[in-house]
Amino acid sequence: MGDHLRRRIVAGRACLASWGLSRGKIHLAGTALNWPGFGSALVLFALLLLAGAPSARGGAWTQEEGHGQVILQGSATYSATEFGPSYDLYASRPYDKVEVTLVFEYGATDWLTLLAAPQFLNVSFGDPSPSSYAGPGYQDLGARVRLWRDAASVVSAQVVGRFSGTGNSQSAAAVGYEDPELDLRLLYGLSFTLFGKPAFLDIQLAQRMRFGPPPDELHLDLTLGWRVVERWQLLAQSFSVISEGVGTGPYFGDSYEYYKLQMGAAYDLSAAITVQLSVVGTVFARNAPQENGLVLAAYYRF
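If you number the sequence shown the way this note's numbering does, the last residue is 1656 and the count never jumps.
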């Protein structure tokens, strides 16, 4: 494989795996999902959204003791262009990627939230040398601890172990998903009023330690939520990833960085169920694919 394909796999493997959900105190969060080439997956996501998810606090906020939420989040990506080493955009090997993750959050105490998130992954690379993988992706286990709070803001820390489910797939489409990772995250949440309407800001800074050929990464996730009417909330999010140098092996010889913007809205079906629809795209990058996509998410609070 040439440098062209190698950069694609490096960036494509790293790209959508930011674990930090960007939600605010006043109900909601995001998923990083991209535009799929799989129509059937979109239909499945839509049906699952109607099945439910709740409004609750997340992001930097911890769950109340004995309460929590279940989040069904989808990620579908399509890319046929890539940002090169000089940030220039050019045509590249196409690929589709669908990720479906079921996130569980439970308040063991008011200051400690336990987390678990199994994932299903489907990746297909096009010509030349087509390859594909379908099966378990990362399986996440961890906890979020509240460090400080006042009436409007909160600071917390989160530790998540990410365990690969791909096994020895022998597929180029699984490159980057085959090694364990550790996500160390500092989170800040702020509730405030914007033009007389409730709003929130969620900021997450993470060190992603990757044990294997891929390089470690620095992640910065930002979410601004604004409740424009009683049941509707607008969301503006950004997801930034910068590799810390280069990795090892044939696929990880280049450093990379990419910056995504995600815009959407969420609707509270009930006091316990919220659904979200957003679009997302890579607006700037180096040695990374230009991805465009659709975000579908559902939240059930208990």
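Where is the CB? At the ideal position from N, CA and C, for every residue including glycine.
These numbers were taken from a predicted model, which means no experiment stands behind them.
Handout entry: the region 1481-1490 in contact with the region 1514-1533 per 3-pair CB rule at 8 angstroms
Key = The answer is yes - the region 1514-1533 touches the region 1481-1490, with three or more Cβ pairs under 8 angstroms.
Exercise for the section: Figure out for me which residue from P1569, R1581, A1651, E1459 has the closest Cα to the Cα of H1421. Expected result: The residue labelled residue 1421 in the question sits at position 67 within the sequence shown. Comparing Cα positions, the closest option is E1459.
Handout entry: Distance between beta carbons of L1495 and A1511, contact taken as under 8 angstroms
Key = Taking the first residue of the sequence shown as 1, we reach residue 1511 at position 157. Taking the first residue of the sequence shown as 1, we reach residue 1495 at position 141. So it is not a contact: roughly 16 angstroms between Cβ atoms.
Practice task
Report yes or no: is there a C-beta of chain D within less than 8 angstroms of the C-beta of D1450?
Solution key: Chain labels in this structure do not include chain D; a single protein chain is all it has.
Problem - Coil, strand or helix - A1652 by DSSP - result: Numbered from its first residue, the sequence shown carries residue 1652 at position 298. Note: A1652 maps to strand in three-state DSSP.
Handout entry: Residue range of the beta strand (DSSP E) that includes D1533
Key = The sequence position of residue 1533 within the sequence shown is 179, counting from 1. Boundaries cannot be given for D1533, as no beta strand (DSSP E) includes it and DSSP labels it neither H nor E.
Exercise for the section: Name the two residues that bound the continuous beta strand (DSSP E) containing E1611. Expected result: Position 257 of the sequence shown holds residue 1611. Where E1611 is concerned, the enclosing beta strand (DSSP E) stretches over 1611-1622.
Problem - Helix, strand or coil at A1471 [DSSP, three-state] - result: Looking up residue 1471 in the sequence shown gives position 117. Residue state, collapsed to three classes: strand.
Exercise for the section: Note down, one range per segment and in chain order, each beta strand (DSSP E) of at least 3 residues found wholly within the region 1536-1597. Expected result: 1551-1564, 1571-1580, 1586-1597
Exercise for the section: Within the same chain, show all residues whose beta-carbon is closer than 8 angstroms to that of A1619, passing over the 5 residues directly before and after it, in chain order. Expected result: As a first step, residue 1619 is located in the sequence shown; it is residue number 265 there, counting from the start. Within the same chain, A1619 has close Cβ partners W1586, Q1587, L1588, L1589, Q1630, L1631, S1632.
Exercise for the section: Leaving aside the five residues before and after F1606 along the sequence, list all residues of the same chain whose C-beta is less than 7 angstroms from its C-beta, in chain order. Expected result: Position 252 of the sequence shown, counting from 1, holds the residue named residue 1606. Around F1606: V1364, P1567, P1568, P1569, V1600.
Practice task
Select from F1656, R1655, Y1654, E1645 the residue whose C-alpha is nearest the C-alpha of S1429.
Solution key: Position 75 of the sequence shown holds residue 1429. Nearest of F1656, R1655, Y1654, E1645 to S1429, Cα basis: E1645.
Handout entry: DSSP beta-bridge partners of Y1432
Key = For the purposes of this step, residue 1432 is taken as the residue at position 78 of the sequence shown. BP columns for Y1432 point to D1450, N1646.
Handout entry: Residue burial classification, F1549 (beta-carbon count within 10 angstroms, cutoff 16)
Key = What you label residue 1549 is simply residue 195 of the sequence shown in a count that begins at 1. Counting Cβ neighbours within 10 Å, F1549 comes out exposed, since fewer than 16 surround it.
Exercise for the section: Out of L1443, V1424, D1464, state which residue places its alpha-carbon closest to the alpha-carbon of N1641. Expected result: By one-based count along the sequence shown, residue 1641 stands at place 287. If we check each option's Cα against that of N1641, L1443 comes out closest.
Exercise for the section: Please state whether DSSP places A1511 in a helix, a strand or coil. Expected result: The sequence position of residue 1511 within the sequence shown is 157, counting from 1. Taken through DSSP and simplified to helix, strand or coil, A1511 comes out as strand.
Problem - Burial state of E1571, where buried means 16 or more other Cβ atoms lie within 10 Å - result: Taking the sequence shown and counting its residues from 1, one reaches residue 1571 at position 217. So E1571 ends up on the buried side.
Practice task
Please name the residue in L1615, A1652, Q1427 whose C-alpha comes closest to that of T1636.
Solution key: Along the sequence shown, one-based indexing puts residue 1636 at 282. Comparing Cα-Cα distances from T1636 to each of L1615, A1652, Q1427, the minimum goes to L1615.
Practice task
Output the boundary residues of the beta strand (DSSP E) element that contains Q1630.
Solution key: For the purposes of this step, residue 1630 is taken as residue 276 along the sequence shown, with counting starting at 1. It spans 1627-1640 - the beta strand (DSSP E) in which Q1630 sits, taken as one unbroken run.
Exercise for the section: Could you tell me the boundaries of the beta strand (DSSP E) in which S1485 lies? Expected result: Numbered from its first residue, the sequence shown carries residue 1485 at position 131. 1485-1490 is the extent of the beta strand (DSSP E) around S1485.
Problem - 6 angstroms Cβ shell around M1563 - same chain, five flanking residues per side excluded - result: Translated into the one-based positions of the sequence shown, residue 1563 becomes position 209. Hits under 6 angstroms: L1536, D1570.
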